[in-house]
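Numbering (this note's numbering), first residue to last: 63 to 286.
The beta carbon of each residue, even a glycine, is placed where N, CA and C say it ideally should be.
Nothing here was measured: the structure is a model prediction, and the numbers come from that model.
Here is the structure we will look at, set down as C-alpha cells.
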Ligand code: ADP
Ligand code: ADP
C-alpha cells in the first residue's frame with residue numbers, strides 16, 4: 063500500500079515543534095526514516111500508527127484517511143514501538159498465542175498454525191517455550207516482529223528496532239526485515255546509516271521535525 067503524508071505538523075504542549083510540515087510519499091517495500099535523536103521520528107511513527115494526534119496535515123494509506131479511519135488503519139497495521147515491554151514470566155509461545163487470541167483468532171488449531179509459522183519466520187521456534195525475561199535484545203526484537211506480523215498487516219512500522227543489537231543480531235534482523243518487506247510497505251526509523259543503506263529502496267533524512275532530503279540511499283548517503 064502507498065502512504066502519502068502531506069504537511070504534517072505537531073507541536074507538544076511544552077512548545078517543542080516535533081514535526082513541521084512533513085511531506086513524504088512511501089511506496090511498497092522498505093522505507094528508511096533516518097535522523098538523530100529528537101528529530102521527530104517516534105512522533106511521526108506514533109501518528110502513523112494512530113496512537114497520537116497531530117495538529118495539522120493529512121495522511122492517506124491508499125484511499126484510507128489515516129487520521130480519521132483509525133479502526134480501518136489498525137486492521138492493516140503492524141507496529142513495533144521503540145522500547146516495547148515484554149512480560150518476563152511467560153514464554154514466547156504463550157504470549158504470541160495470547161495476542162493471536164486478542165486479534166480474533168479463536169480456533170485453537172488455526173491459531174497454533176499461525177503462531178508456529180511466525181515463530182519459525184522469526185527464528186524463534188527453537189526457543190518458543192523459553193520465558194521472554196531470558197531473551198537477548200535481538201531475540202526480543204524478533205519477537206516484537208512476530209507480534210507485529212499477527213493479522214498479516216500490509217503496513218509495518220518499526221521504530222528504532224536495531225538500537226543496541228550486536229553486529230550478528232543486526233544482520234539477522236536485517237534479513238528478517240527484508241523478508242517481510244518483500245510484499246508489504248515497511249517503515250523503519252533509525253539513527254543508524256547502515257540500516258537504511260543495507261535495506262531500504264528509498265529513504266528520507268529528518269532533523270528537527272523537517273524532512274531534509276528524500277530519495278535513494280545510495281545517492282543520499284554519499285552526501286552525508
Ligand atoms: P526521535 O524519535 O527522532 O528521537 P521524538 O519524536 O521522540 O524524536 O521527539 C521529537 C522532539 O519532541 C524531541 O525534542 C522530544 O524531546 C520532543 N518530545 C517527544 N515527546 C514529547 C512529549 N510527550 N512532550 C514534549 N516533548 C516531546
Ligand atoms: P496500545 O495499547 O497502545 O494500542 P498495543 O496494542 O501494542 O498498544 O499493546 C497493548 C498492551 O500490550 C500495552 O499495554 C503494551 O504495553 C503491551 N505490549 C505490547 N507489546 C508487548 C509485548 N511484546 N510484550 C508484552 N506486552 C506488550
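Beta carbon of residue i nearer than 7 Å to that of residue j
i	j	result
residue 111	residue 271	no
residue 264	residue 93	yes
residue 216	residue 138	yes
residue 162	residue 205	no
residue 247	residue 90	yes
residue 279	residue 259	yes
residue 124	residue 72	no
residue 219	residue 184	no
residue 129	residue 135	no
residue 199	residue 226	yes
residue 150	residue 253	no
residue 96	residue 267	yes
residue 174	residue 167	no
residue 67	residue 84	yes
residue 119	residue 69	yes
residue 211	residue 140	yes
residue 104	residue 221	yes
residue 282	residue 275	yes
residue 192	residue 235	no
residue 170	residue 181	no
residue 194	residue 148	yes
Per-residue DSSP class, three states only, for residue i
i	result
residue 261	helix
residue 272	strand
residue 197	coil
residue 248	strand
residue 277	strand
residue 168	coil
residue 226	coil
residue 242	helix
residue 266	strand
residue 179	helix
residue 146	coil
residue 186	coil
residue 231	helix
residue 115	coil
residue 101	coil
Identified DSSP bridge partners for residue i
i	result
residue 82	Residue 82 is not bridged to any residue.
residue 121	67
residue 141	219
residue 127	122
residue 107	Beta-bridge pairing links residue 107 to no other residue.
residue 88	65
residue 210	Bridge partners of residue 210: none, in fact.
residue 72	81
residue 94	250 and 265
residue 153	193
(Q) Tell me which residues pass a beta-carbon proximity test against ligand 1: closer than 6 Å to any heavy atom, given in chain order. (A) Cβ atoms closer than 6 Å to ligand 1 belong to 74, 76, 78, 80, 97, 99, 100, 101, 102, 103, 104 and 105.
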